[in-house]
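Undergrad: I am attaching a structure below and will ask some questions about it afterwards.
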Amino acid sequence: MAGLTEFFNVVGGWVWGPYMLTLLVGTGVFLTLRLFFLQFSMLPLALKMAFGGHPKNRDPGDITHFQALMTALAATIGTGNIAGVATAVVAGGPGAVFWMWVTAVFGMATKYAEGLLAVKYRVVDENGQMSGGPMYYIERGLNMKWLGVLFAIFGSVAAFGIGSSVQSNSVAQSIQTSFGIDTWITGVVLTTLTAVVILGGIRSIARVTSVVVPFMAVIYVLGGLVIILMNLDQVLPAFSLIFTDAFTGEAVAGGALGAVIRYGVARGVFSNEAGMGSAPIAAAAAKTDHPARQALVSMTGTFLDTIVVCTITGLVLVMGGFYMDGETGASLTTSTFDALLPGPGGWIVTFGLIFFAYSTILGWSYYGEKCFEYLFGARAIILYRIVYTASVLMGTIVTLDLVWAASDTFNGLMAVPNLIGLLLLSGVVVKETKDFKARRASGELY
């Protein structure tokens, strides 16, 4: 087991190395240029469509724009927003927050392209539900089924780690630390709650995430904003430090600017998953009258996840100044919130971590089962749901070194087929975007 763990650690280090990070951000830059900085010009419309509803409910699809967005956010707003940002600030200094922003800005174009292609190339499965995502737009758009199969294999395996076991372990450990409850008890409760939701399929998942995600995000963001408002005199110095350190690396030992950029980009990608190919699987289920409409809604997920939630965490951490005291991860975020907002601060992070992790379990269950369905057909979905639910319990009672290493590797491998698909189908993205704009201008679409 130790040898296998080391193998995945080595492969994972290569997969998540500078070449992958450059490809991820580079794809976003390329798509941004081809789309003429669409993430800036159309963000107000995207936010309006995401939260303003849709006048028609007869469009093809299984869930609403908002529910598709919440399902995707359920999988992305998670431990990365609490523990990931803290890790970036500790390892890369305050300047890492700036590079997380850069990653998010270009990642919005990537997320837009993923959402558009997911809807355009989606299919109706044996159960009458929508199925889509990278495996489908790679097969149907590029006629490269073998590459779609590779993505589906990577995705279905990665879900057991990054989506279930790792998340349930984080919840169990957090609850044991805060309340002294045995991890196996948390595991049974969490597994039961997970089974009740995911066995009902995407509509059940969407109903729950459309309540849980806004609730947990609002509570967490409000807690962070209260801290910021209580310490307004520290806001400008914190921003100044972030921007200065982003180009000097002075806060990192030896002034390693490369470490600032590396950790900022890596944690930014880990947080919003732009380019990973996971979110478009949820986007494909949305009721929509044009692929570009859901693509715009999908794009807002990266904005909300990184530009809003991660910024709140990063700013509070820099204002607190405890990132050089030896703590890291979720414990650093918890202690900083508690120090700057005594009493409720630490609890906000603790409960935020619990809800964030649970919602991630729900979101990734759908991603994994859709990948599994692509490989083995709709009848295999129930088997996947059962095994996935069991992995939630296992995550709370077993050592996760191997699971962490393997899931991190497969999670990174997912991006390779997806990025190939995005780059080769970028012309389709541009064409559909022009069509959407023209039809809106003529009044054919609202």
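First residue of the sequence shown? That's 14 in this note's numbering, and the numbers climb one at a time after it.
Note that CB positions come from ideal geometry on N, CA and C, so glycine has one too.
(1) Return the first residue and the last residue of the alpha helix (DSSP H) that Gly339 is part of.
(2) Give the straight-line distance between the Cα atoms of Leu46 and Ile194, rounded to the nearest whole angstrom.
(3) Does the beta carbon of Gly161 fall short of 6 Å from some heavy atom of the ligand GTP?
(4) Short of 7 Å in beta carbon distance, which residues of its chain neighbour Gly40, apart from the five on each side in sequence? Order them along the chain.
(5) If you reduce the DSSP assignment to three classes, tell me which class Val282 lands in.
(6) Check Val429 in the structure and name its three-state DSSP category.
(7) Counting pairs of Cβ atoms below 8 Å between the region 290–306 and the region 75–86, do you hit three or more?
(8) Considering only C-alpha positions, which residue in the set Val24, Phe192, Ser311, Val110 is nearest to Ala126?
(9) For Ile255, collect the residues of the same chain with a Cβ closer than 7 Å to its Cβ; drop the 5 residues on either side in sequence, then sort them by chain order.
(10) Count the other CB atoms, across all protein chains shown, that sit within 10 Å of the CB of Lys444; report buried if there are 16 or more and exposed otherwise.
(11) For the alpha helix (DSSP H) holding Val23, just list the boundary residues, first then last.
(12) In the DSSP assignment, find the unbroken alpha helix (DSSP H) run with Thr40 in it and report its ends.
(13) Cβ of Phe64 less than 7 Å from any chain C Cβ?
(14) Residue range of the alpha helix (DSSP H) that Phe260 falls in?
(15) Of the residues Ala451, Leu366, Tyr459, which one's Cα is nearest the Cα of Gln2?
(16) Can you tell which of Val38, Gly93, Val98, Gly214 has its C-alpha closest to the C-alpha of Tyr336?
(17) Only counting the same chain, and skipping five residues up and downstream in sequence, which positions put a Cβ closer than 8 Å to that of Ala266?
(18) Alpha carbon to alpha carbon, how far is Leu56 from Asp258? Give it in angstroms, no decimals.
(19) Can you check which of these residues, Ser169, Ala352, Trp197, Asn140, is closest to Ile240 by C-alpha distance?
(20) For Met143, name the three-state secondary structure that DSSP assigns.
(21) Use the C-beta contact count for Gly381: other C-beta atoms within 10 angstroms, 16 or more gives buried, fewer gives exposed.
(22) According to DSSP, is Ile90 helix, strand or coil?
(23) Tell me which same chain residues have a C-beta within less than 8 Å of the C-beta of Tyr149, skipping the five on either side of it?
(24) Closest to Trp114 by CA distance: which of Thr315, Thr190, Val411 is it?
(25) Secondary structure at Ile194, three-state DSSP: helix, strand or coil?
(26) Expressed to the nearest angstrom, what Euclidean distance is found between the alpha-carbon atoms of Asn94 and Gly342?
(27) Kindly indicate which three-state DSSP category Val512 falls into: helix, strand or coil?
(28) Taking the alpha-carbon of Leu212 as reference, which of Ile395, Thr319, Met62, Met407 has the nearest alpha-carbon?
(29) With a threshold of 16 other CB atoms inside 10 Å of the CB of Phe49, please say whether the residue is buried or exposed.
(30) Put Ala299 into one of helix, strand or coil per three-state DSSP.
(31) Can you check which of these residues, Val202, Thr326, Val224, is closest to Phe252 by C-alpha distance?
(32) Please identify the residue among Val24, Leu206, Val42, Leu44 whose C-alpha is closest to the C-alpha of Tyr401.
(33) Comparing C-alpha positions only, which one of Val405, Thr409, Tyr379, Val38 sits nearest to Gly168?
(34) Provide the residue(s) that pair with Ile76 in DSSP beta bridges, ordered along the chain.
(35) What does Val137 pair with, by DSSP beta-bridge criteria?
(36) State yes or no: is the C-beta of Gln307 within less than 7 Å of the C-beta of Gly65?
TA: Short version:
(1) Counting from 1 along the sequence shown, the entry for residue 339 is found at position 326. For Gly339, no alpha helix (DSSP H) run applies, since DSSP gives it neither H nor E.
(2) Counting from 1 along the sequence shown, the entry for residue 46 is found at position 33. Counting from 1 along the sequence shown, the entry for residue 194 is found at position 181. Their backbone Cα atoms lie some 52 Å apart in a straight line.
(3) Judged by which ligands are present, the structure shown has none, so any question about the ligand GTP falls away.
(4) Within the sequence shown, residue 40 is the residue found at index 27, counting from 1. It is worth fixing the name first, because residue 40 is Thr in this sequence and not Gly. In its chain, beyond the 5 residues on either side, Thr123, Gly288, Leu432, Leu435, Leu436 have a beta carbon closer than 7 Å to the beta carbon of Thr40.
(5) Looking up residue 282 in the sequence shown gives position 269. Residue state, collapsed to three classes: helix.
(6) Position 416 of the sequence shown, counted from the first residue, corresponds to residue 429. The answer is helix: DSSP assigns Val429 an H, G or I state.
(7) Yes: at least three Cβ pairs fall under 8 Å.
(8) As a first step, residue 126 must be located in the sequence shown, where it is residue number 113. When each option's Cα is compared against that of Ala126, the closest is Ser311.
(9) Your numbering for residue 255 matches position 242 in the sequence shown. For Ile255, where only same-chain residues beyond five positions count, the Cβ hits under 7 Å are Pro107, Gly108, Val110, Phe111, Val331.
(10) By one-based count along the sequence shown, residue 444 stands at place 431. With fewer than 16 other Cβ atoms within 10 Å, it is exposed.
(11) The residue you call residue 23 lines up with position 10 of the sequence shown. For Val23, the enclosing alpha helix (DSSP H) starts and ends at 15–28.
(12) Position 27 of the sequence shown holds residue 40. Run containing Thr40: 31–47, per the alpha helix (DSSP H) assignment.
(13) The question asks about chain C, but that chain is absent: this structure has only one protein chain.
(14) Residue mapping note: residue 260 aligns to position 247 of the sequence shown, counting from 1. That run of the alpha helix (DSSP H) goes 248–261.
(15) No statement about residue 2 is possible, as the shown extent of the chain runs from 14 to 459 and does not include it.
(16) Mapped onto the sequence shown, residue 336 falls at position 323. The candidate whose alpha carbon is nearest that of Tyr336 is Val98.
(17) Sequence index remark: in the sequence shown, residue 266 carries index 253 (1-based). Any reading at Ala266 must be qualified, since the residue scores a pLDDT of 44, below 50, and its modelled position is unreliable; no value is offered.
(18) To locate residue 258, count along the sequence shown from 1; it is residue 245. To locate residue 56, count along the sequence shown from 1; it is residue 43. Answer to the nearest angstrom: the Cα atoms are 28 Å apart.
(19) For the purposes of this step, residue 240 is identified with residue 227 of the sequence shown, where counting begins at 1. Answer by Cα proximity: Ala352.
(20) As a working mapping, residue 143 is identified with position 130 in the sequence shown. Reduced to three states, the DSSP call for Met143 is strand.
(21) Residue 381 sits at position 368 when you count from the first residue of the sequence shown. By the 10 Å Cβ count, Gly381 comes out buried.
(22) Locating residue 90 in the sequence shown gives position 77, where the first residue counts as 1. Three-state result, Ile90: coil.
(23) Mapped onto the sequence shown, residue 149 falls at position 136. Contacts found: Ala131, Tyr134, Arg135, Val136, Gly161, Ala297, Tyr387.
(24) The sequence position of residue 114 within the sequence shown is 101, counting from 1. Relative to Trp114, the option among Thr315, Thr190, Val411 whose CA is nearest is Thr315.
(25) By 1-based counting over the sequence shown, the position of residue 194 is 181. In the structure shown, the three-state DSSP call for Ile194 is coil.
(26) One-based indexing of the sequence shown puts residue 94 at position 81. One-based indexing of the sequence shown puts residue 342 at position 329. Their backbone Cα atoms lie some 10 Å apart in a straight line.
(27) This structure cannot speak to residue 512, because the chain is shown only from 14 to 459.
(28) The count along the sequence shown starts at 1 and reaches residue 212 at position 199. Ranking Ile395, Thr319, Met62, Met407 by Cα distance to Leu212 puts Ile395 first.
(29) Along the sequence shown, read from residue 1 onward, the residue named residue 49 stands at position 36. Per the 10 Å Cβ criterion, exposed.
(30) Walking along the sequence shown from the start, residue 299 turns up at place 286. When secondary structure is reduced to three states using DSSP, Ala299 falls in the strand class.
(31) Position 239 of the sequence shown, counted from the start, is the residue given in the question as residue 252. Ranking Val202, Thr326, Val224 by Cα distance to Phe252 puts Thr326 first.
(32) Residue mapping note: residue 401 aligns to position 388 of the sequence shown, counting from 1. Of the candidates Val24, Leu206, Val42, Leu44, the one whose C-alpha sits nearest the C-alpha of Tyr401 is Leu206.
(33) Here residue 168 refers to the residue found at position 155 of the sequence shown. Closest by alpha carbon: Tyr379.
(34) The residue you call residue 76 lines up with position 63 of the sequence shown. Looking at the DSSP assignment, Ile76 forms a beta bridge with Ala299.
(35) In the sequence shown, the residue the question calls residue 137 occupies position 124. For Val137, DSSP records a beta bridge to Met143.
(36) Along the sequence shown, read from residue 1 onward, the residue named residue 307 stands at position 294. Along the sequence shown, read from residue 1 onward, the residue named residue 65 stands at position 52. Not closer than 7 Å, so no.
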